[in-house]
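Visitor: Its first residue numbered 27, the sequence shown is counted upward by one per residue in my numbering.
All C-beta atoms, glycine included, are put in the ideal place defined by N, C-alpha and C.
Keep in mind the model is a prediction, meaning the values are calculated, not measured.
Quick one: the structure is below, questions incoming.
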Amino acid sequence: MNHSGTLYVVATPIGNLQDITMRALEVLKSVDVVAAEDTRHSSGLLNHYGIKARLTALHEHNERAAGEKLLELLQGGQSVALISDAGTPAISDPGAVLVNMARAAGVRVVPVPGANAAVAALSASGLLMPRFLFVGFMPAKRTHRREVLESLRDVPVTLVFYEAPHRVLESVEDLAGVLGGERTITFARELTKTFETISSCRLDAAVDWLNADPDRQRGEFVLLVEGAQEREDQAVSEDARRVLTLLLEELPLKQAVKLATDITGAKKNALYELALEMKQHE
Ligand code: SAM
């Protein structure tokens, strides 16, 4: 029998204190320990809701050591809520190490979902591309940042970045420089807060937009950047993809590709590449 307690991974607001679920408040009230990235910061939230909790610090510099102590508590039957300074823990925030340790030890891990800056930005962006890639923070060093962007240049889905105010200008310069000026960027700034701004323009106009008003470089940012255009000759229709998937389940790769080409009329090379990709992800 497993007598260990539960680790709750609890999302907290990204600005507006009302953005917390009733379930999150219940959990924060009822657990034995709340592990927070910055205990002073989180006591503000807990005080606001009249929650008296036993707080302990778990941040990027002590995650393993603090995690081991918390794991002992969990294994002794206590329940723990993990929160970060804002939004969902473990998303560009500490938390994954503890969650990993807990799961490896057979401790039950329960997500309590809620605010997340990337999803909030996407939801209010009006971007029609249904697929997105969450990149999070780009590297601070310019050369490294440009390398990362080079590796993302051909990705045909919306790219989602987090950025800090002191770096937003040079990051946007690099986005335009590496990805090209024609793509659309959406700035989602200070979401859920007083100076919330959601604004879109072409990447080659983005530096001017930021420079037009010093306030535009203040606060917290999510940057959404349009993905690469899919090359005509590479694009495979949904139908061709479905046919290929079915054939690959029954036939060797070469035969499946040949038949799928005959059936759908799609380009053989494109189907071959796709088949290799599918096999790799099996
Ligand atoms: N765990 C958080 C989440 O679920 O979104 C992210 C934490 S990460 C350390 C902080 C970054 O998230 C900020 O630098 C910014 O890029 C983004 N962010 C957080 N709150 C935001 C807000 N209110 N408006 C825009 N971006 C925000």
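What residue range does the alpha helix (DSSP H) around Y298 cover?
Guide: Its alpha helix (DSSP H) spans residues K294 to Q306.
Visitor: Report the residue from A147, V251, P115 and E246 whose alpha carbon sits nearest the alpha carbon of D180.
Guide: Ranking A147, V251, P115 and E246 by Cα distance to D180 puts V251 first.
Visitor: For P137, which residues does DSSP report across the bridge?
Guide: Beta-bridge pairing links P137 to V35.
Visitor: Leaving out the 5 sequence neighbours to the left and right, which residues in its chain are closer than 7 Å to L43 when beta-carbon positions are compared?
Guide: Within the same chain, L43 has close Cβ partners L71 and H74.
Visitor: From which residue to which residue does the beta strand (DSSP E) around T218 run?
Guide: It is not in any beta strand (DSSP E) - T218 carries neither H nor E in the DSSP assignment.
Visitor: Quick one: is the Cβ of D230 within less than 7 Å of any heavy atom of ligand 1?
Guide: No.
Visitor: Exposed or buried, which one is R215 when buried takes at least 16 other CB atoms within 10 Å?
Guide: The residue in question, R215, is buried, as its Cβ has 16 or more Cβ neighbours within 10 Å.
Visitor: Just reading off the alpha helix (DSSP H) that L250 is part of, what are its end residues?
Guide: Counting along the chain, L250 falls outside any alpha helix (DSSP H), though it belongs to the beta strand (DSSP E) covering F247 to V251.
Visitor: According to DSSP, is I289 helix, strand or coil?
Guide: Correct three-state label for I289: helix.
Visitor: By alpha-carbon positions, which one of S30, R90 and T218 ends up nearest to L99?
Guide: When only C-alpha atoms are compared, the closest one is S30.
Visitor: Do the CB positions of G113 and I40 come within less than 8 Å of each other?
Guide: Contact flag set, yes.
Visitor: Output the residue ranges of the beta strand (DSSP E) runs that lie fully inside the region 62-123 and measure 3 residues or longer, sorted by chain position.
Guide: 81-83 and 106-109, all fully within the region 62-123.
Visitor: Which two residues bound the contiguous beta strand (DSSP E) that contains L159?
Guide: That run of the beta strand (DSSP E) goes F158 to F163.
Visitor: For T220, count neighbouring C-beta atoms within 10 Å of its own C-beta (all shown protein chains included) and say buried if the count is 16 or more, exposed if not.
Guide: So T220 counts as exposed.
Visitor: Applying the 10 Å Cβ sphere with the 16-neighbour rule, what's the burial state of L185?
Guide: Per the 10 Å Cβ criterion, buried.
Visitor: Mind checking whether the beta-carbon of S110 lies closer than 7 Å to any heavy atom of ligand 1?
Guide: Result yes, Cβ under 7 Å from ligand 1.
Visitor: Could you compute how far the alpha carbon of A166 sits from the alpha carbon of R193?
Guide: Going by the C-alpha atoms only, they are around 8 Å apart.
Visitor: Helix, strand or coil for R244, going by three-state DSSP, please let me know.
Guide: Correct three-state label for R244: coil.
Visitor: Distance, Cα to Cα, V136 vs V183?
Guide: Their backbone Cα atoms lie some 30 Å apart in a straight line.
Visitor: By DSSP, does T47 sit in helix, in strand, or in coil?
Guide: Coil at T47, not helix or strand.
Visitor: Since L96 contacts A61 with CB under 8 Å, what's their CB separation in whole angstroms?
Guide: L96 to A61, Cβ: 6 Å. Contact.
Visitor: Quick one, which of I46, L175, E52 and Q104 has its alpha-carbon nearest A128's?
Guide: That would be Q104, whose Cα lies nearest to the Cα of A128.
Visitor: Within 8 Å, do at least three Cβ pairs link the region 45-60 to the region 115-131?
Guide: Result no; under three Cβ-Cβ pairs closer than 8 Å.
Visitor: Just the C-alpha distance for F247 and A147, rounded to the nearest angstrom, thanks.
Guide: Approximately 9 Å, taken between the alpha carbons.
Visitor: Taking the alpha carbon of V35 as the reference point, which residue from L205, Q101, R90 and D119 has its own alpha carbon closest?
Guide: Of L205, Q101, R90 and D119, the residue nearest in Cα terms is D119.
Visitor: So does Y312 have its beta carbon nearer than 7 Å to some heavy atom of ligand 1?
Guide: There is no way to answer for residue 312, as the model of the chain reaches only from 27 to 308.
Visitor: How long is the line joining the alpha carbons of T169 and A286, rounded to whole angstroms?
Guide: If you take the alpha carbons of T169 and A286, they lie about 43 Å apart.
Visitor: Is any non-hydrogen atom of ligand 1 found closer than 7 Å to the C-beta of F247, if you look at the structure I gave you?
Guide: Correct: F247 has its Cβ closer than 7 Å to ligand 1.
Visitor: Determine the extent of the alpha helix (DSSP H) in which L201 is found, giving its start and end residues.
Guide: Taken as a continuous stretch (DSSP letters only), the alpha helix (DSSP H) holding L201 covers V194 to L205.
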